[in-house]
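What follows is a single structure, written as structure tokens, with notes after it.
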Amino acid sequence: MSSLAPLRVGVVGLGHWGPNLARNFDRLPEADLTWICDASEEARDRSAVSFPEARVSGELDELLADPELDAVVIATPVPTHAGLAGQVIAAGKHCFVEKPLAQSALEAEAVVTAARDAGLVLMVGHLLEYHPGIVRLKELADSGELGEIHYIYGNRLNLGKLRAEENALWSLGAHDVSVLLGLAGEEPTDCTAMGESYMREGVEDVVFCYLRFPSGLAAHLHLSWLDPHKERRFTVVGSRKMATFDDMEVERKLTVYDKGFDEDFSSYGEYIARSGDSWSPRVPNDEPLLLECGHFVGCVLDGAIPRSDGESGLRVVRVLEDLQRSLDRGRSAQAV
Ligand SMILES: NC(=O)c1ccc[n+]([C@@H]2O[C@H](COP(=O)([O-])OP(=O)(O)OC[C@H]3O[C@@H](n4cnc5c(N)ncnc54)[C@H](O)[C@@H]3O)[C@@H](O)[C@H]2O)c1
157 MSSLAPLRVG VVGLGHWGPN LARNFDRLPE ADLTWICDAS EEARDRSAVS
207 FPEARVSGEL DELLADPELD AVVIATPVPT HAGLAGQVIA AGKHCFVEKP
257 LAQSALEAEA VVTAARDAGL VLMVGHLLEY HPGIVRLKEL ADSGELGEIH
307 YIYGNRLNLG KLRAEENALW SLGAHDVSVL LGLAGEEPTD CTAMGESYMR
357 EGVEDVVFCY LRFPSGLAAH LHLSWLDPHK ERRFTVVGSR KMATFDDMEV
407 ERKLTVYDKG FDEDFSSYGE YIARSGDSWS PRVPNDEPLL LECGHFVGCV
457 LDGAIPRSDG ESGLRVVRVL EDLQRSLDRG RSAQAV
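If you're matching positions, the sequence shown starts at 157 in this note's numbering and goes up one per residue.
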């Protein structure tokens, strides 16, 4: 990272998640948390105690009018992301926006184009891409150790926060889709989803997704905030080996299995199951959110392109939009 003056950062949205971002930017020696902002007085008062050195506002415009402020972090509800990110970029500030970048590819494209034209850093908070376990899993997959990846499935389940403005697909699935696209290195050609709304009409609590990629890779995602289990797991099945990333595990977040089928050379066309060793590569215990915030600051100070830049955020939104279309088709078919 360069030795320039600290990056002056403001955080907008101090509900459940924003204070975590504020805390991590505040911890970084390369950044100064100079503003915190929320439309709700209660949220402002709560965070003002935690960040006494930051100026407090209820209006994004007040932050944007500060010529000393370099970057704005947006942690407001999803429907506001694209609009607020557009305002931040129009004001000439670098922007970190929580996932997903927008609610439609059209909105996401507008933000990406604006950032590119203005020469500003746009980064989307796809936190899992900064998780040392996911980084290691991707290294394993890219190295060819797992062989050709046949299929991937993800479980993101919990008795979690019931949201009114976005369904489980947009709230939980944004994480999994970003990891999936990173592992696949390609975009899916088929996206199918089915889901059900039990708690609030029209807001799916549970969603099952099936995606197919041009290489033949397939993926399944089970997303739910209405579940007795807390699971945050990916399983990758390759032609040579298999691997799981399990974020609920404390020590063994990543496990590699030497399992598969080998051709039986003594009998043409027959296969023998191979169930060899399993082992857990070491995964550094660094906090993903601190790594993510540090990455954003480093990219702005060094003029680098973030791992989860606007373009990659746009690819995630495209997939979420395709899955949502499929969900909607299922809904209207049910209504007939
Ligand atoms: N990366 C992660 O793991 C992760 C985890 C949780 C939430 N998130 C993301 O963080 C964002 C916020 O989620 P949350 O759970 O904190 O929501 P929340 O509803 O608890 O908080 C949102 C806050 O934004 C404020 N707000 C809304 N519009 C505003 C505006 N125009 N100006 C200023 N303040 C405004 C609200 O008053 C509220 O306090 C969402 O985009 C969500 O997807 C990310």
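Cβ atoms here follow ideal geometry from the backbone N, Cα and C, with glycine treated the same way.
Nearer than 7 Å: is that true of the beta carbon of residue i relative to any heavy atom of ligand 1?
i	result
residue 191	no
residue 495	The structure shown does not extend to residue 495, since the chain is modelled only from 157 to 492, so the question has no answer here.
residue 168	yes
residue 381	no
residue 194	yes
residue 136	Any answer about residue 136 is impossible in this case: the structure gives the chain only from 157 up to 492.
residue 172	yes
residue 289	no
residue 254	yes
residue 231	yes
residue 317	yes
residue 451	no
residue 199	yes
residue 281	yes
residue 240	yes
residue 216	yes
residue 260	no
residue 327	yes
residue 237	yes
Reducing DSSP to helix, strand and coil, say where residue i ends up.
i	result
residue 360	coil
residue 263	helix
residue 197	helix
residue 463	coil
residue 257	coil
residue 286	helix
residue 294	helix
residue 419	strand
residue 446	helix
residue 405	coil
residue 385	strand
residue 272	helix
residue 166	strand
residue 110	Lying before the first or after the last residue shown, residue 110 is absent from the chain, which here runs from 157 to 492.
Rounded to whole angstroms, what's the CA-CA distance from residue i to residue j? Just pull it up for me.
i	j	result
residue 187	residue 307	40 Å
residue 219	residue 454	21 Å
residue 119	residue 237	Summary: the structure shown does not reach residue 119, with the chain confined to residues 157 through 492, and so no result is reported for it.
residue 425	residue 410	33 Å
residue 362	residue 422	48 Å
residue 342	residue 370	8 Å
residue 346	residue 473	15 Å
residue 320	residue 233	10 Å
residue 416	residue 304	12 Å
residue 211	residue 393	49 Å
residue 216	residue 462	24 Å
residue 301	residue 448	27 Å
residue 286	residue 324	22 Å
residue 457	residue 163	7 Å
residue 157	residue 183	Confidence in residue 157 is poor, its pLDDT being 47 and thus under 50, which makes the residue's placement too unreliable to answer from.
residue 478	residue 348	8 Å
residue 395	residue 413	12 Å
residue 450	residue 419	47 Å
| So, do the region 281-298 and the region 388-403 have three or more beta carbon pairs nearer to each other than 8 Å? | In short, these stretches touch, since the Cβ pair count reaches three.
| query | Mind pulling the alpha helix (DSSP H) runs of 4 or more residues that sit fully within the region 304-383? | reply | You should have 324-340.
| task | Count the CB pairs spanning the region 349-365 and the region 378-397 that are closer than 8 Å, and state whether there are at least three. | result | As far as the Cβ criterion goes, the region 349-365 touches the region 378-397, which means the pair count is three or higher.
| query | On the three-pair Cβ rule with 8 Å, is the region 245-257 touching the region 279-288? | reply | Contact holds: three or more Cβ-Cβ distances are below 8 Å.
| request: May I ask you to verify whether the region 436-451 touches the region 329-338, counting CB pairs closer than 8 Å and requiring at least 3? | output: The answer is no - the region 329-338 does not touch the region 436-451, with fewer than three Cβ pairs under 8 Å.
| Counting only runs that start and end within the region 176-249, where is the alpha helix (DSSP H) found for 4 or more residues in a row? | With a minimum length of 4 residues, the continuous alpha helix (DSSP H) runs that stay inside the region 176-249 are 197-206, 216-220 and 237-246.
| query | Are the region 204-221 and the region 168-182 touching, with three or more C-beta to C-beta distances below 8 Å? | reply | Yes, they touch.
| query | Are three or more beta carbon pairs between the region 195-202 and the region 458-472 nearer than 8 Å? | reply | Between the region 195-202 and the region 458-472, the count of C-beta pairs closer than 8 Å stays below three; the two stretches do not touch.
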